[in-house]
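Data block below; observations after.
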Amino acid sequence: MNDGRTLSHGGTPRLRLRHRADPVELGRIRRHIAGWARRSGVPEDVTMDLQLAVGEAVANGVEHAYGSGGAGTVEVDVAVRDEPPVAVVVRVTDHGTWRTAPAATGYRGRGLLMIERLAQQVRVLPSSGGTEVCFEIRYPG
């Protein structure tokens, strides 16, 4: 399930995706992000950070909101903010149930930390209707 629409937002392209909350969708989402970023003039190094951060936010939604067997969707909304500070602004939304992550063990449990290292203004907003992970990745414009 993917609507893959690119909409206009304040004169800059905007990408809205809706996919099944399934790990196999991560590659498709990353490819959509890369194509959108290229068309939007986002620098390549920012695009790589963007793909990684969005992938982590989506993976968190898939794993923590719906668990192993839950069905649901994950929505990704991405836009360029043209005014300073120039940035790619991202919102990843699931409609599952918030669960506190267990303590990090081994190689797991670092998704939000990675997003915080790659992005600015990172916010995790749990609610009864799901969770939004919002962030921006700034770059010289």
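In full-length UniProt numbering, the protein residues as written are 1 to 141. Beta carbons are placed, not taken as given, at the ideal position from N, Cα and C, and that holds for glycine. The model shown is predicted, which means the values in this text are computed figures rather than measured ones.
Uninterrupted alpha helix (DSSP H) stretches at least 4 residues long and entirely within the UniProt domain "Histidine kinase/HSP90-like ATPase" (21 to 135) occur at 25 to 40, 44 to 60, 111 to 118, given in chain order.
Here V90 is near F135, since their CB atoms are less than 7 Å apart. Comparing alpha-carbon positions, the option among P85, H95, R138, I137 lying closest to P126 turns out to be H95.
Separation of the CB atoms of H19 and V74 is rounded to 6 Å, and the pair is thereby assigned contact status at 8 Å.
Residue environment for G130: buried (at least 16 other C-beta atoms within 10 angstroms of its C-beta). Annotation for R38: T47 place their beta carbon closer than 8 Å to its own, counting only its chain and skipping 5 residues before and after.
L112 and V80 have their C-alpha atoms roughly 22 Å apart.
For a cut-off of 8 Å, the C-beta gap from G55 to L15 is around 15 Å, too long to register as a contact. Taking V88 as the centre and dropping the five residues before and after it, the same chain places the C-beta of V42, V46, L50, V78, V80, E136, I137 closer than 7 Å to its C-beta, in chain order.
CA-to-CA, the gap between H32 and I115 works out to about 19 Å.
By the criterion of a C-beta distance shorter than 8 Å, A71 is surrounded in its chain by R20, A21, once the five residues flanking it on both sides are discounted. Residue nearest to V122 within the set H64, A57, V76, Y139 is A57 (criterion: CA-CA distance).
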